[in-house]
Amino acid sequence: MVGVSTHLPTADVQDPESNARTARLREALLTAAFTADGLLDLLGAPAYAALARNETVPALRATRGDSPLETLVRLFLLQRPVEPGRARAALPVEDCLADGWVVQDGDTLRATVDVRPYGGPEGQDWWIVSDLGCAVGGAGGIRGAGETERAQLVLGVGGASTTLAGITVRRPVGKALDLGTGSGIQALHAARHATRVTATDLNPRALRITALTLALSGAGAADLRKGSLFEPVGDETYDLIVSNPPFVISPVGPDGARLTYRDGGMGGDDLCRILVQQSAAHLNDGGYCQMLANWQHVEGEEWHDRLRSWVPRGCDAWIVQREVQDVTQYAELWLRDAGDHRAGDEEYAARYDAWLEEFAARRTKAVGFGWITLRKSGSDAPSVTVEEWPHPVEQPLGDAVVAHFARQDYLSATDDAALLAGRFRLADGVVQEQVGLPGAEDPEHVVLRQNRGMRRATKVDTVGAGFAGVCDGTLPAGRILDAIAQLVGEDPVLLRDRTPASIRMLVEQGFLEPVAEEK
Numbered sequence: 247m248v249g250v251s252t253h254l255p256t257a258d259v260q261d262p263e264s265n266a267r268t269a270r271l272r273e274a275l276l277t278a279a280f281t282a283d284g285l286l287d288l289l290g291a292p293a294y295a296a297l298a299r300n301e302t303v304p305a306l307r308a309t310r311g312d313s314p315l316e317t318l319v320r321l322f323l324l325q326r327p328v329e330p331g332r333a334r335a336a337l338p339v340e341d342c343l344a345d346g347w348v349v350q351d352g353d354t355l356r357a358t359v360d361v362r363p364y365g366g367p368e369g370q371d372w373w374i375v376s377d378l379g380c381a382v383g384g385a386g387g388i389r390g391a392g393e394t395e396r397a398q399l400v401l402g403v404g405g406a407s408t409t410l411a412g413i414t415v416r417r418p419v420g421k422a423l424d425l426g427t428g429s430g431i432q433a434l435h436a437a438r439h440a441t442r443v444t445a446t447d448l449n450p451r452a453l454r455i456t457a458l459t460l461a462l463s464g465a466g467a468a469d470l471r472k473g474s475l476f477e478p479v480g481d482e483t484y485d486l487i488v489s490n491p492p493f494v495i496s497p498v499g500p501d502g503a504r505l506t507y508r509d510g511g512m513g514g515d516d517l518c519r520i521l522v523q524q525s526a527a528h529l530n531d532g533g534y535c536q537m538l539a540n541w542q543h544v545e546g547e548e549w550h551d552r553l554r555s556w557v558p559r560g561c562d563a564w565i566v567q568r569e570v571q572d573v574t575q576y577a578e579l580w581l582r583d584a585g586d587h588r589a590g591d592e593e594y595a596a597r598y599d600a601w602l603e604e605f606a607a608r609r610t611k612a613v614g615f616g617w618i619t620l621r622k623s624g625s626d627a628p629s630v631t632v633e634e635w636p637h638p639v640e641q642p643l644g645d646a647v648v649a650h651f652a653r654q655d656y657l658s659a660t661d662d663a664a665l666l667a668g669r670f671r672l673a674d675g676v677v678q679e680q681v682g683l684p685g686a687e688d689p690e691h692v693v694l695r696q697n698r699g700m701r702r703a704t705k706v707d708t709v710g711a712g713f714a715g716v717c718d719g720t721l722p723a724g725r726i727l728d729a730i731a732q733l734v735g736e737d738p739v740l741l742r743d744r745t746p747a748s749i750r751m752l753v754e755q756g757f758l759e760p761v762a763e764e765k
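If you count the sequence shown from 1, position 220 lands on 466 in the working numbering, and the numbers rise without skipping.
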């Protein structure tokens, strides 16, 4: 564990001298191969993976030498003191002292922040800045900090932030909003394809760290604003809104919103609900809002219906539940995140009891976690899909998100007659699996499985399998069904009547792709 620093670097892209010092620091990091690939080469896969779990012992063992890269790992990732001579071999020390990236501590230098290499989607070398001990995980790695300091801690890159970055639609846009920016990773990604990026956070320390992340990564500046939810942006609208909000469902009251990065201070899942409902007013036509969220599973309610009620008018939605935890698992997870498991037995038990009391009062039996994507369509009959998919997916998924809504548009505009007149193509990466006893003449069932995107699997009958296998975009669906009917000895009229529902399912789930008619 490390102690939280009360200092933050003062690098400022508006100041030419400070900007030049930051550029020299970035060049030094690149020269030393202090990058995601360089770390993997130095540490090896096991120690690299351990570091991603905030386990430092394997990395300490791998950095016993005196190369510049080893020095930087010990200084910025392992938060160990470094002798000035070693530091000067790796860094422009005077620049770092001037801007506060490091401070003098007796006869050694110490980092004031964690600086973690992060590989961009096109091979960019970026660095994510966060508070010491908070690069991965939560506040449990901090010691010697009061509650006020702990409340303002800023986390670095974790599974949630990389998940959101991976599912975000990446298309050129004019304006993007990163709501609850934290360490700035979403703003950093958005800067690649948005003309203007606005980043907000209730925690002013997070805004400062976001500025450092952007400056050190060479991404330029964002419009940084302090405040909660949409308050900092007034009535402004955006083409893209992304948010990894403080979604944890924690006890309300004086002890509730203890950590700004995770506790929203509202009862139950109200913060996520309000964020979803208010987002429509801040989206331009065709714009997307993408966020992570937690939601309650309440006794006597269907969780699907709960989430459907959140979707604002005029917006299509795709909501995916990725995980569900019972209330005891959930409370234990976030008590560990805060380091409460290291407190005394009585204090831990009291906090645990407070969480369970809160859930009992709200009749909450479990908590779901997942993704929410809204698209502002203005439709009077919006498409709303709420589903559970806990299985592995292929990241990035931004293109799959766009394709999902395109398929919904197609299906809503296409009646059965048009469907049978249309042409389809089997999506890339779809394979067929047959399950049955060895030597059996016919399989018990046939499964179509995707190796791309959501990696779905669905059972089909022999007609569905045969239809999908023939779809190459050349023949209308109706003619394919007529040929199949002749092969299996079925009335083609009856087959045409009963098959559109199956075709719609295959299109909706991405196994078949409509082929546009040539004009």
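Glycine included, C-beta positions come from ideal geometry on N, C-alpha and C.
Say whether chain C places a C-beta atom closer than 8 Å to the C-beta of Gly712. This model lacks chain C altogether; it includes just one protein chain.
Helix or strand or just coil, what does DSSP make of Asp662? Of the three classes helix, strand and coil, the one that applies to Asp662 here is helix, per DSSP.
Unbroken stretches of the alpha helix (DSSP H), 4 residues or longer, contained in the stretch 281–367: Those alpha helix (DSSP H) runs which fall completely within the stretch 281–367 and span 4+ residues are 282–298, 303–308, 314–318, 330–336, 339–345.
Within a Cβ cutoff of 7 Å, which residues of the same chain sit near Arg701, ignoring the five residues on either side of it in sequence? His637, Pro638, Val639, Glu640, listed in sequence order.
Leaving out the 5 sequence neighbours to the left and right, which residues in its chain are closer than 6 Å to Ala440 when beta-carbon positions are compared? So the list reads Val419, Ala422, once near-sequence residues are dropped.
Contact check, Phe280 vs Leu318 under 8 Å by CB: the rounded distance? Correct: roughly 5 Å between the Cβ atoms.
Rounded straight-line distance, which links the Cα of Ile487 to that of Tyr594: If you take the alpha carbons of Tyr594 and Ile487, they lie about 37 Å apart.
In whole angstroms, what separates the C-alpha of Leu378 from that of Gln325? Taking the straight line joining both Cα atoms gives about 7 Å.
Out of Leu399, Leu752, Leu434, Leu683, which has the shortest C-alpha to C-alpha gap to Ala411? The shortest Cα separation from Ala411 among Leu399, Leu752, Leu434, Leu683 belongs to Leu434.
Between the CA atoms of Ala714 and Ala646 - distance to the nearest angstrom: Ala646 and Ala714: Cα-Cα distance of roughly 20 Å.
Buried or exposed: which applies to Lys622, given that a residue is buried once 16 or more other Cβ atoms fall within 10 Å of its Cβ? Per the 10 Å Cβ criterion, buried.
Quick test of your reading: Leu665 and Ala627, contact by CB under 8 Å. State the CB separation rounded to the nearest angstrom. Going by Cβ atoms, the distance from Leu665 to Ala627 rounds to 18 Å, so no, they are not a contact pair.
Measure the C-alpha to C-alpha separation of Thr720 and Leu758 and round it to an integer number of angstroms. Approximately 13 Å between the Cα atoms of the pair.
Can you give me the C-alpha to C-alpha distance between Ala293 and Gly402, rounded to a whole angstrom? Their backbone Cα atoms lie some 19 Å apart in a straight line.
Considering only DSSP beta bridges, list what Leu839 is partnered with. Outside the shown range of the chain (247 to 765) lies residue 839, about which nothing can therefore be said.
What residues in its chain sit with their C-beta under 6 Å from that of Ala445, if we drop five residues either side in the sequence? Counting only Cβ-Cβ distances below 6 Å, and skipping sequence neighbours, we find Asp424, Thr427, Ala433, Thr456, Ala468, Leu470.
Leaving out the 5 sequence neighbours to the left and right, which residues in its chain are closer than 8 Å to Ala577 when beta-carbon positions are compared? If we look at Ala577 and ignore the five residues flanking it on each side, its Cβ neighbours are Tyr598, Trp601, Leu602, Phe605.
Is Gly332 buried or exposed, if buried means 16 or more other CB atoms sit within 10 Å of its CB? Checking the sequence, you will find Arg at residue 332 rather than Gly. Arg332 comes out buried.
Report the CB separation of Leu538 from Ala406 in whole angstroms; it is logged as a contact under 8 Å. Rounded to whole angstroms, the Cβ separation of Leu538 and Ala406 is 6 Å, and the two are in contact under 8 Å.
So the alpha helix (DSSP H) Tyr598 belongs to, where does it begin and stop? First-last of the alpha helix (DSSP H) with Tyr598: 591–607.
Spatial neighbours of Ala269 within its chain, please: C-beta separation below 6 Å, excluding the five flanking residues on both sides. Closer than 6 Å at the Cβ level, and outside the excluded window around Ala269, lies no residue.
What's the gap between the Cα of Val566 and the Cα of Glu634? Taking the CA atoms as reference points, Val566 sits about 6 Å from Glu634.
Give the C-beta separation of Gln696 and Gly756 to the nearest angstrom, bearing in mind that I take them to be a contact with Cβ-Cβ under 8 Å. Under the criterion of beta carbons closer than 8 Å, Gln696 and Gly756 qualify as touching, at roughly 7 Å.
Leaving out five residues before and five after Arg519 in sequence, what residues of the same chain have Cβ atoms less than 7 Å from its Cβ? These residues qualify, in order along the chain: Trp556.
Just grab the DSSP bridge partners of Thr776 for me. Outside the shown range of the chain (247 to 765) lies residue 776, about which nothing can therefore be said.
Specify, as a first and last residue, the run of the beta strand (DSSP E) that Leu740 falls within. It is not in any beta strand (DSSP E) - Leu740 instead sits in the alpha helix (DSSP H) that spans 738–744.
Is Val570 helix, strand or coil by DSSP? In the structure shown, the three-state DSSP call for Val570 is strand.
Where does Val753 fall in DSSP's three states? Here Val753 carries a helix assignment [DSSP, helix/strand/coil].
Residue range of the alpha helix (DSSP H) that includes Gly412: Secondary structure note for Gly412: its alpha helix (DSSP H) is the uninterrupted segment 405–413.
DSSP three-state call for His435: helix, strand or coil? Correct three-state label for His435: helix.
Is it right to say Glu547 is buried, meaning 16 or more other beta carbons lie within 10 angstroms of its own, or is it exposed? Under the 10 Å beta carbon count, Glu547 is surrounded by fewer than 16 other beta carbons and is classified as exposed.
Across which residues does DSSP place Tyr534 in a beta bridge pair? Answer is Leu486, Arg621.
If we call anything under 8 Å between Cβ atoms a contact, is Asp353 one with Leu323? No.
Limits of the beta strand (DSSP E) - the one that Glu273 falls within: No beta strand (DSSP E) holds Glu273; the alpha helix (DSSP H) holding it covers 262–277.
Taking just the CA atoms, how far does Gln575 sit from Ala612? CA-CA distance, Ala612 to Gln575, rounds to 9 Å.
Reduced DSSP category for His637 - H, G, I as helix; E, B as strand; rest coil: DSSP, reduced to helix, strand and coil, places His637 outside both helices and strands of the structure shown, so it counts as coil.
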